[in-house]
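One structure below.
Residue numbers (the working numbering): 29 to 1131.
This is the structure we're talking about:
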């Protein structure tokens, strides 16, 4: 192990005028000159002692006294910087010999040592905080020099943990503190005591005592003589050994004698090994012998002291870490108990990873220091500023004791606070350096210039995080004009971003954009950036933050670096794709590896100092797996980008696809929209569909040109051409409306292409340019077919087509369309309900609801149970509703008798059951009532919602309960049907901008509060009722549209709607009452026919 000697004090006897001359000389040199001269002085090779002795004696004999040395080179910049003149002056041709001669001529040994000491002091480039220096000094005296200390600040054991963020200067500052406090020798100039005594006693008599004239100087002189005497004794081998104890006591008292210590730095490379169980042994070996006084600086101490998640069956890495923890605990106990003579300094930026027992030892017996707090001391910051300005040798008015330095420190604090950056030596020095590089100077007014400060910080970010900066900054494609984004959601996003960047709203920290793939989440950010060129973007993802060398904590460190870059170059948008992977739900125990990244992200978003002009954007299509804490109040807001657009918006998207396209359109935008329905749900889908159709048209035109060039080709070449372009040629024939028989001939026999080649040319003869070959309906059909057949869409398209085919073509008894939602989209849920003869004790049967042996089996089984439960609740709801209409009879007893021979059978379409559950409650209740009373249900609506069996009022049975996924459900239902019913609270959550697109197509979403208000609008009664219902539907849409556009409202429209609803309810309840009475008469009839059909029963007893 390397052995070093602690600091010693060297006293150099020099006249006062020479001390002053050396200090003045060093101050006059520039920074570079000081560095240059110090290197030459350190490289100086003195002649052997015997040579020095003879030279000194010869000089004294020749000059009768010691010649005074003159500074002809060191004090003359012209010679100092000119190597030729130095060679002429020294008489030497070798550079090193030349400097050796110059130094011998101009400096004595004492002067040379003192000049080196002065230069070392003036060239110090690192600043040790005053507080840290005091702590190191106390520990050095108490635990290295073994002095008895009573100060409270002295830790009980020589254990020091220095923590701070990356870039806070932990390791460099600790190394400098050790050098300055423990190892750096002090060169102390002293005056010539003999000369000083002669001056004092010159006017006194021969017998006058010095103590009588100047007692203070007399004491200093006596102390100096004693010190000199013991130092001379220490240099005599035999004497120093005999009188060792006396010499050491006296020199230690005067702090002149250094102490040999075993010093080294320990990094993870010194103890990390793949050998099983060996990291602990390696670490113990790196700590050295316990009997030798030692100092150990452990860098990245979290690697040695980090906690282990070891458990039964844990991996090898955890077991290796366990050996380190065990060894560390033993070593720390040895230091605490005094069995190991070691001063241990640990530095780390991840102290949260420390094993609890180890961290507790530092807390209780040692000292924990957050070095970041030291930089908040203005004195420390001023020193950093001064050192950096001095290093650049600029003609600045900022001197070490200048008031301007105080002002500079305050301005630096303000600049960093505005950017929510923590003060660190690296950042401050790089900022000053960048300003000097930009302006060639450093003045206080520079810090008041926001443009200059931002430009300087951009250079800081590039210098500190070069590779990461180039990887993530300004990487987003901004070639997407703001006007191209269709949808009002962009205005909300822009408002949030403007609040953050322009108006200083601290609560606008960012937004989570949620929506299905292709809904335009990323495109929205790109279009906003295209209109805000002064805002930087940082685009990354959790996968890009990964560090292969440290999979758990590497991403955490990189995330912090990303935000530091963002703060420096602000205003900045940080865009995270795959946001659900950045901050997933934390585990219950809090020990999952992904929890570290989520916790760090939440800490950054909260921040001790709020983020300023840094706007975070996360995108996800799985909001359910994002940690809920992220989107709670005062963190990130949520914007749902469903991708649902008004027909007008979709038409605008289609229009933009035809800009700069030579082909014309032979079809309307509405035709394109209709063809895209069913396979397109998002802006990206519609854009992709249109681009596909245009691409097919363009390709066919290019093939057509080549087709004409085959006039001189051989039959074999033509057959080869048709073989390679058969599909495209068929497309051309479809586009030009070739006769069916003609197309069939070529389709059935491609070789017929050669025979019909001339006829094909005649069909396309009118096409002279791209304008003559327009986009037509066959191109849309081909685009739809190709997109539908893609592996990604094929399954969902087939299911949608199947469900669409299963929709009722007319009103039916006991047939309704419920709707559910999975993680990505809504899903139709056709339900058929019938009365069937009871085969067992079950009064309610639910089929189509099956569980599966998938990883989500438990969740599926729960959904099955909830659907059975909903069916039972639906029957109870119907009975309660009918009871309110007939309070004079016991409806439960009546229907108990009526259903004693029946079971209510609900069949759910199993292909879509994976979205079943409680939200099918209203649908099951309507189907139950319809099946019991044989009242048909309309086939133009879908419904979702979980009702109560009671309500908030006695007359409002079946109150609605809020459900999830309502927007997705509405989008799916209104794709095929014209009405969608959902709980009122869910309806209120829908934005008018979302609804207006449906109103324009005479479709509507309706909020319901209870079961009774639903029945008059969804059950078929008579023609008068039907006419009034159609009128009601149109009037409601008109009223909502007028309110949305704030136009003049139709007189009495709202009152007329209320009146129609009352009439519809009267008709419905009247018919329900008639059918209830029919059931009662049937049950009371002693001569009733046992096997009468349900339909016949109502016809007979309602007559």
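Even for Gly, the Cβ is constructed at its ideal location relative to N, Cα and C.
Classification of residue i by the beta-carbon crowding that lies within 10 angstroms, buried from 16 upward
i	result
residue 691	buried
residue 556	buried
residue 823	Interpretation of residue 823 is limited by its pLDDT of 46, a score under 50 that renders its predicted location unreliable; no figure is taken from the coordinates.
residue 648	buried
residue 1112	exposed
residue 1130	exposed
residue 1116	exposed
residue 342	Confidence at residue 342 is low in this model, with a pLDDT of 49, below 50, so its placement is unreliable and no value can be given for it.
residue 366	exposed
residue 1125	buried
residue 1127	exposed
residue 740	exposed
residue 450	buried
Distance CB(residue i)-CB(residue j) smaller than 8 Å
i	j	result
residue 849	residue 993	yes
residue 989	residue 1044	no
residue 162	residue 396	no
residue 1136	residue 533	Any property of residue 1136 remains undetermined from this structure, which presents the chain solely from 29 to 1131.
residue 320	residue 369	yes
residue 329	residue 311	no
residue 903	residue 956	yes
residue 417	residue 470	yes
residue 286	residue 34	yes
residue 645	residue 597	no
residue 133	residue 97	yes
residue 394	residue 354	no
Local conformation of residue i per DSSP, three classes
i	result
residue 1116	coil
residue 516	coil
residue 1030	coil
residue 479	helix
residue 615	coil
residue 396	strand
residue 898	helix
residue 161	helix
residue 5	In the structure as shown, the chain begins at 29 and stops at 1131. Residue 5 is therefore absent and cannot be evaluated.
residue 524	helix
residue 934	strand
residue 651	helix
residue 24	Since the first residue shown for the chain is 29 and the last is 1131, residue 24 is missing from the structure and cannot be characterised.
residue 376	strand
residue 382	strand
residue 981	coil
residue 32	strand
residue 441	helix
residue 582	helix
Beta-bridge pairing of residue i - partner residues as DSSP gives them
i	result
residue 293	325
residue 1047	965
residue 370	322
residue 603	567, 645
residue 540	646, 666
residue 975	988
residue 435	Note: residue 435 sits in no beta bridge, so no partner.
residue 844	859
Residue i beta carbon near the ligand COA (any heavy atom closer than 7 Å)
i	result
residue 504	Because no ligand of any kind appears in the structure shown, any question about the ligand COA cannot be addressed here.
### Query
Looking at C-beta atoms only, is the number of pairs between the region 755 to 766 and the region 778 to 794 that lie closer than 8 Å three or more?
yes
### Query
Quick check: the region 1036 to 1053 against the region 972 to 985, are there 3 or more CB pairs under 8 Å?
yes
### Query
Is the number of C-beta pairs between the region 536 to 547 and the region 586 to 600 that are closer than 8 Å three or more?
no
### Query
Counting pairs of Cβ atoms below 8 Å between the region 560 to 578 and the region 496 to 503, do you hit three or more?
yes
### Query
Would you call the region 33 to 42 and the region 134 to 148 touching, i.e. three or more CB-CB distances under 8 Å?
yes
### Message
So, does the region 1008 to 1023 touch the region 958 to 966, judging by three or more C-beta pairs under 8 Å?
### Response
no
### Cβ pair count under 8 Å reaching 3, the region 770 to 785 against the region 737 to 755
yes
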